[in-house]
Amino acid sequence: MEAVACSEGVKVYCPKGGRFSFFNSPYPSHRECSAVDIYPSVDFGFEAPSPVEGVVVAVKIVKCPDGKGFEASTIDYVILLQSLENPDLWVKVLHVKPLVHIGDIVGVGEPLGILLRSGFFDFWTDPHVHVEVRSPLNPIRAKGGFPFGRLIGLDTANGLLEELRGVVVESKPEYSLISLNNSLGYGLPVDVEGEVGFLDGGIPHYGYFGVHVSGRPFEGSIVKLCGVKIGVVRSIFKGMCVAASRISDFKLNDKHVRLSTYIHPLGKYYLKIVPKRRGELKLERFQEVCLTIS
-18 MEAVACSEGV
-8 KVYCPKGGRF
2 SFFNSPYPSH
12 RECSAVDIYP
22 SVDFGFEAPS
32 PVEGVVVAVK
42 IVKCPDGKGF
52 EASTIDYVIL
62 LQSLENPDLW
72 VKVLHVKPLV
82 HIGDIVGVGE
92 PLGILLRSGF
102 FDFWTDPHVH
112 VEVRSPLNPI
122 RAKGGFPFGR
132 LIGLDTANGL
142 LEELRGVVVE
152 SKPEYSLISL
162 NNSLGYGLPV
172 DVEGEVGFLD
182 GGIPHYGYFG
192 VHVSGRPFEG
202 SIVKLCGVKI
212 GVVRSIFKGM
222 CVAASRISDF
232 KLNDKHVRLS
242 TYIHPLGKYY
252 LKIVPKRRGE
262 LKLERFQEVC
272 LTIS
């Protein structure tokens, strides 16, 4: 497990081979940089390693909407832990059916519960653990968490991309994964007024996305992917910024598609391509593809 985020002295860890995201979600806490999603490299129904250390203080059951075209759990769980690093604060965890009980002390990487396919998810959403750092006086609400900072540095030595061309390594009705021809570290690189950053978000379907940067961009900075403007910076956080989407279309094989981007602290980066409708994008493994941006 590697520490990838921190809020008010509370560290959040990502498993080796996993990935994380601050902004790849339609929910308000992500837009405000007060939540982080940790994606272990395991499927639904498998154990989720705890991304934090703490004492379990409460478990709440919440109702979910029906799955959007897929079989989903009708309930989700809120697991609340008192942080061992900052005992004045609690950690809120979602999308895990708990294997722990109130009073249990949970260490980083220890089994926390079973990964749920929640009715809050979209059809392309992978198994993940949603994490927020909260005041014990306000632990449950959708908004109100403390903002996060990223702990890992960024290696921008590989530079920018001229095109999104590569080979399909996985294809299923929900999405496809593309191994791009260029060697990438951490994520999909973009240009932010001359600085290399890495995309973190759902583009263009969420209407906004995040960019991880080493410097500090200014409000109104233009974000470009492969030389094409895809967004304008609207809010700034430490080492990150949020941009409003300003792109009309991604296409692959004449089909409209969407990008789902994350940060990969370790391991190879694959670009996730999401069809407009489940099952619409029929790609073959090892097929060479090229995305167009307009």
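Numbering (the working numbering), first residue to last: -18 to 275. Glycine is no exception: its CB is placed at the ideal position from the N, C-alpha and C atoms. Keep in mind that this is a model prediction, so the values were computed, not measured.
Based on DSSP bridge pairs, tell me the residues matched to T273. Looking up residue 273 in the sequence shown gives position 292. Partner(s): K232.
Decide if the stretch 29 to 48 is in contact with the stretch 90 to 100; the criterion is three or more beta carbon pairs, one per stretch, under 8 Å apart. yes
Just verifying my parser: in three-state terms, what is the DSSP assignment at P246? As a first step, residue 246 is located in the sequence shown; it is residue number 265 there, counting from the start. Three-state result, P246: coil.
So is I211 buried or exposed if we call it buried at 16+ other beta carbons inside 10 Å? Translated into positions along the sequence shown, residue 211 becomes position 230. Burial call: buried.
Classify P7: buried if its beta carbon has 16 or more other beta carbons within 10 angstroms, exposed otherwise. Locating residue 7 in the sequence shown gives position 26, where the first residue counts as 1. Per the 10 Å Cβ criterion, exposed.
Using a Cβ-Cβ cutoff of less than 6 Å, which residues in the same chain neighbour S(-12) once the five nearest sequence positions on both sides are dropped? Counting from one through the sequence shown, the residue named residue -12 turns up at place 7. V114, F127 and F129, listed in sequence order.
So, at 8 Å on beta carbons, what are the nonlocal neighbours of V77 in its own chain, with the 5 sequence-adjacent residues on each side left out? For the purposes of this step, residue 77 is identified with residue 96 of the sequence shown, where counting begins at 1. Cβ within range, chain order: A29, Y58, I60, L93, G94, I95, L96, L97 and V110.
Evaluate the contact criterion for the stretch 244 to 258 versus the stretch 153 to 161: three or more CB pairs, one atom per stretch, below 8 Å. yes
Identify, in the order they occur along the chain, each residue of the same chain with its Cβ nearer than 7 Å to the Cβ of S15, setting aside the five sequence neighbours on each side. The count along the sequence shown starts at 1 and reaches residue 15 at position 34. Hits under 7 Å: E113, G126, F127, P128 and F129.
Put H11 into one of helix, strand or coil per three-state DSSP. Walking along the sequence shown from the start, residue 11 turns up at place 30. Correct three-state label for H11: helix.
Looking at the unbroken beta strand (DSSP E) that takes in V43, where does it start and where does it end? Along the sequence shown, read from residue 1 onward, the residue named residue 43 stands at position 62. V43 -> beta strand (DSSP E) spans G35 to K44.
Inter-residue CB distance, L233 and V270 (contact presumed, cutoff 8 Å): Counting from 1 along the sequence shown, the entry for residue 233 is found at position 252. Counting from 1 along the sequence shown, the entry for residue 270 is found at position 289. That belief holds up - the Cβ atoms of L233 and V270 are roughly 6 Å apart, short of 8 Å.
At which residue ranges does the stretch 97 to 159 contain complete beta strand (DSSP E) runs of 3 or more residues, listed in the order of the chain? 110 to 115 and 145 to 152
Is DSSP giving D85 helix, strand or coil here? To locate residue 85, count along the sequence shown from 1; it is residue 104. Shown here, D85 sits in coil according to DSSP, grouped into three states, outside any helix or strand.
Tell me, please, which residues DSSP counts as bridged to D18. For this step, residue 18 is matched to residue 37 along the sequence shown. Looking at the DSSP assignment, D18 forms a beta bridge with S2 and H111.
Going by the CB atoms, is the gap between V223 and V204 shorter than 8 Å? Working through the sequence shown from its first residue, we reach residue 204 at position 223. Working through the sequence shown from its first residue, we reach residue 223 at position 242. No, they are not a contact pair.
Is C(-13) helix, strand or coil by DSSP? Stepping through the sequence shown from its first residue, residue -13 is reached at position 6. Looking at C(-13) - three-state DSSP - the assignment turns out to be strand.
According to the Cβ coordinates, are V37 and V89 closer than 8 Å? Position 56 of the sequence shown, counting from 1, holds the residue named residue 37. Position 108 of the sequence shown, counting from 1, holds the residue named residue 89. Against a cut-off of 8 Å, the Cβ pair of V89 and V37 comes out as no contact.
Under the rule that 16 or more other beta-carbon atoms within 10 Å means buried, what is L206, buried or exposed? Counting from 1 along the sequence shown, the entry for residue 206 is found at position 225. It is buried - the Cβ of L206 has at least 16 other Cβ atoms within 10 Å.
Look up G178 in the DSSP assignment and say whether it is helix, strand or coil. The sequence position of residue 178 within the sequence shown is 197, counting from 1. Correct three-state label for G178: strand.
Those residues which DSSP pairs with I254 across a bridge: The residue labelled residue 254 in the question sits at position 273 within the sequence shown. Bridge partners of I254 according to DSSP: S157 and L240.
Rounded C-alpha distance that separates I19 from S2: The residue you call residue 19 lines up with position 38 of the sequence shown. The residue you call residue 2 lines up with position 21 of the sequence shown. About 7 Å.
Less than 8 Å between the C-beta atoms of S152 and E265, yes or no? If you number the sequence shown from 1, residue 152 lands on position 171. If you number the sequence shown from 1, residue 265 lands on position 284. Taking the C-beta atoms as reference points, E265 is found nearer than 8 Å to S152.
In this structure, does DSSP put L61 in helix, strand or coil? Translated into positions along the sequence shown, residue 61 becomes position 80. DSSP places L61 in strand when its eight states are reduced to three.
Going by C-alpha to C-alpha distance, which of T273, V149, L70 and V171 sits closest to I121? Position 140 of the sequence shown, counting from 1, holds the residue named residue 121. Considering only alpha carbons, the answer is L70.
Neighbourhood of G168 by C-beta, 8 Å cutoff - its chain only, sequence neighbours within 5 removed: By one-based count along the sequence shown, residue 168 stands at place 187. Once the five neighbours on either side are set aside, the close Cβ partners of G168 are F179, L180, D181, H193, T242, Y243, I244, H245 and Y250.
Sequence-distant residues of its chain with Cβ nearer than 7 Å to S216 (five each side left out): By 1-based counting over the sequence shown, the position of residue 216 is 235. The answer, listed in chain order, is C222 and V223.
Cα-Cα separation, P(-4) to L247: Residue numbering aside, residue -4 sits at position 15 when the sequence shown is read from its first letter. Residue numbering aside, residue 247 sits at position 266 when the sequence shown is read from its first letter. Distance between the alpha carbons of P(-4) and L247: 9 Å.
Quick check on this structure: which residue in G(-1), E176 and S275 has the alpha carbon closest to the alpha carbon of G140? The residue given as residue 140 occupies position 159 in the sequence shown. G140 has its Cα closest to that of E176, out of G(-1), E176 and S275.
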